[in-house]
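Presented below is the structure to which this report refers.
Residue numbers (this note's numbering), protein chains in the order written: chain A, 1491 to 1706; chain B, 4 to 259.
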């Protein structure tokens, strides 16, 4: 039972905090085009942490407030199309443009729901610290390592995977305590598409999103 | 006594049984027992709903927060001793020494571990267990296995659990008095469960298939802990490789 609780709940908790961390990272409004990936992550992370610590609607996990924060502060720094595409894997190729767009939207909403519970876990002393990383100076696909610290509780390792694109660095995957977001959704997506098709996957996510919005 | 004799046998069985699995640390979905595992997963969830969760809720309602924090910290402090030993077994002396300082500090100034003063002074808890140690030594994970009540595991981690149970010098299992031993087990697990009240709905909110979500998260997390144990954390080779459907040529329609 100890293991059950430990691993299931640490996985759950990690996922919540991690997705929230994606948002934190992506949050800053003024990312400099020339910034290193670390500088980007650090600046954005502290900016978003500040929003969560001061905005009471966000703290209460109110859906419209959260969506606004995500749209304005997160999505500009995330290649969410790539995240969804990699999670869908080979099935992506058979999907129409409309199907792809629906999947992107429903998946985004799923992730917003996921971290809506995490914002309440942010305390006034929560802070983000960079951990040392190694990559070649000309690398175009890098991992930035951080940890989230607070006075009580264990540090939470959160890593971000970024790709250098023409508009600058974009986040496309996040790792919380050893668990990569895309890797964790890939099997479930593939399973759902295998059983119910691409539309089945979209519908399945949409149903969960709707019942969540109504429960609010 | 019998426990001490059994341990090497269990260990040997495991070492020979799953040495063939990959040791790259990359999570794979090695789940040949999926049918069994899924029913065990459902069983564990029903037990949780019917018994464990209500008990934990009652514990939170009755015991004040300060006392719960003290109880959790004391179990954590005892756990740090075994974590420390595993870090040394994994050849991670600096981490082991950090854990040793935690135990010394918290057991004295922290009043028998009641307060986690070490964490408040910049020395947070870092856990290690025997399943991880086996992994660091090169034992492959073997298939994924959902244990009754204990939940997600692998063949290797189940053996590790047996190792935790038998070798941990300050584990509850070393207490001979039955009433005390089972009382403490009950308290420890209730306390642990209470820390995660409210988390269970989350699994159903965010996953399409809670079983697969839990399995994949567990396997990835364990693989990552073993990389940490081997100090391979920075190894780019451990990154997941995703096939990008956009990078490949579109399927060519078959010629008539």
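Note that CB positions come from ideal geometry on N, CA and C, so glycine has one too.
Since the model is a prediction, treat every value here as computed from it, not as a measurement.
Coarse secondary structure for residue 1613 (chain A), derived from DSSP in three states: Residue 1613 (chain A) carries a coil assignment under DSSP once its states are collapsed to helix, strand and coil.
Span separating the alpha-carbon of residue 215 (chain B) from that of residue 224 (chain B): Roughly 14 Å separates the two Cα atoms.
Cross-chain neighbours of residue 144 (chain B) in chain A, by beta carbon under 7 Å: The premise fails here: residue 144 (chain B) is roughly 13 Å from chain A at the closest Cβ pair, so nothing lies under 7 Å.
Spatial distance of residue 162 (chain B) from residue 109 (chain B) (CA atoms): Computed Cα separation, rounded: 30 Å.
Interface partners of residue 185 (chain B) on chain A, CB under 8 Å: Near residue 185 (chain B) there are no residues of chain A at all, since even the closest Cβ is about 13 Å away, more than 8 Å.
Interface flag, residue 2 (chain B) vs chain A, CB-CB below 9 Å: Residue 2 (chain B) lies beyond the range of chain B shown here (4 to 259); nothing can be said about it.
Contact list for residue 209 (chain B) against chain A, beta-carbon separation under 7 Å: By Cβ distance, chain A contributes 1505, 1600, 1603, 1604.
Contact set between residue 1672 (chain A) and chain B, taken where Cβ atoms lie within less than 8 Å: By Cβ distance, chain B contributes 243, 245.
Chain B within 9 Å of residue 1681 (chain A), Cβ atoms only: With 9 Å as the cut-off, residue 1681 (chain A) counts as an interface residue toward chain B.
Environment of residue 1531 (chain A) [buried if 16+ CB atoms lie within 10 Å]: Under this definition residue 1531 (chain A) is a buried residue.
Bridge partner(s) assigned by DSSP for residue 1631 (chain A): DSSP lists A:1653 as partners of residue 1631 (chain A).
Residue ranges of each alpha helix (DSSP H) within the stretch 48-132 of chain B, 4 or longer: Counting whole runs of 4 or more residues, the stretch 48-132 of chain B contains the alpha helix (DSSP H) stretches 56-65, 68-92, 96-111, 120-123.
Every unbroken alpha helix (DSSP H) within the stretch 1538-1588 of chain A, with a cutoff of 4 residues, ordered by chain: Scanning the stretch 1538-1588 of chain A from its first residue to its last, the whole alpha helix (DSSP H) runs of 4-plus residues come out as 1546-1549, 1553-1559, 1570-1578.
C-beta contact flag for residue 1651 (chain A) and residue 1665 (chain A) at 9 Å: Closer than 9 Å, so yes.
Cβ contact check for the stretch 1600-1607 of chain A and the stretch 1550-1562 of chain A: 3 or more pairs under 8 Å: By the criterion of at least three beta-carbon pairs nearer than 8 Å, the stretch 1600-1607 of chain A is in contact with the stretch 1550-1562 of chain A.
N- and C-terminal bounds of the beta strand (DSSP E) containing residue 1661 (chain A): Taken as a continuous stretch (DSSP letters only), the beta strand (DSSP E) holding residue 1661 (chain A) covers 1658-1666.
Whole-number beta carbon distance between residue 1644 (chain A) and residue 128 (chain B), since they are thought to touch under 8 Å: That pair is a contact at about 5 Å.
9 Å Cβ cut-off: residues of chain B touching residue 1644 (chain A): Neighbours of residue 1644 (chain A) on chain B, chain order: 122, 127, 128, 129, 130.
Own chain, CB closer than 7 Å to residue 1609 (chain A), minus 5 neighbours either side, in chain order: Correct list, in chain order: 1510, 1542, 1548, 1549, 1551.
Residue 1530 (chain A) in three-state terms, based on DSSP: The answer is helix: DSSP assigns residue 1530 (chain A) an H, G or I state.
Coarse secondary structure for residue 1606 (chain A), derived from DSSP in three states: Three-state DSSP puts residue 1606 (chain A) in a helix.
Selected residue, minimal CA-CA separation from residue 1647 (chain A), among A:1656, A:1657, A:1623: Distance from the Cα of residue 1647 (chain A) is smallest, within the candidate group A:1656, A:1657, A:1623, for A:1623.
Short CB-CB distance (under 9 Å) between residue 212 (chain B) and chain A: Yes, residue 212 (chain B) counts as interfacial toward chain A.
Per-residue burial, residue 35 (chain B) [other beta carbons within 10 Å of its own, 16 or more giving buried]: Residue 35 (chain B) should be labelled exposed.
N-terminal and C-terminal residue of the beta strand (DSSP E) that residue 154 (chain B) is part of: Residue 154 (chain B) -> beta strand (DSSP E) spans 154-157.
Contact under 9 Å by Cβ, residue 136 (chain B) with residue 92 (chain B): Cβ atoms of residue 136 (chain B) and residue 92 (chain B): closer than 9 Å.
Within 7 Å of chain B by C-beta, residues of the stretch 1650-1677 of chain A in sequence order: Flagged, chain order: 1667, 1668, 1669, 1670, 1672, 1673, 1674, 1677.
Residue 209 (chain B) in three-state terms, based on DSSP: Residue 209 (chain B): helix per DSSP, three-state reduction.
Interface positions of the stretch 1614-1631 of chain A facing chain B (Cβ-Cβ less than 8 Å), listed along the chain: Answer in chain order: 1622, 1623, 1624, 1625.
Under 8 Å by beta carbon: chain A residues contacting residue 215 (chain B): Annotation: Cβ neighbours of residue 215 (chain B) in chain A (cutoff 8 Å, chain order): 1677, 1678, 1681.
Residue 80 (chain B) vs residue 105 (chain B) beta-carbon contact at 9 Å: For residue 80 (chain B) and residue 105 (chain B), yes; Cβs fall inside 9 Å.
Interface flag, residue 227 (chain B) vs chain A, CB-CB below 9 Å: With 9 Å as the cut-off, residue 227 (chain B) counts as an interface residue toward chain A.
Chain-ordered neighbours of residue 1575 (chain A) on chain B, where CB pairs are closer than 8 Å: Scanning chain B for C-beta atoms nearer than 8 Å to the C-beta of residue 1575 (chain A) yields 247, 248, 249, reported in chain order.
Under 8 Å by beta carbon: chain A residues contacting residue 223 (chain B): What residue 223 (chain B) touches in chain A: 1668, 1669, 1670, 1673, 1674.
Beta bridge counterpart(s) of residue 1670 (chain A) as assigned by DSSP: Paired residues: A:1665.
C-alpha distance - residue 1618 (chain A) paired with residue 130 (chain B), whole-angstrom precision: Rounded to whole angstroms, residue 1618 (chain A) to residue 130 (chain B) spans 21 Å at the Cα level.
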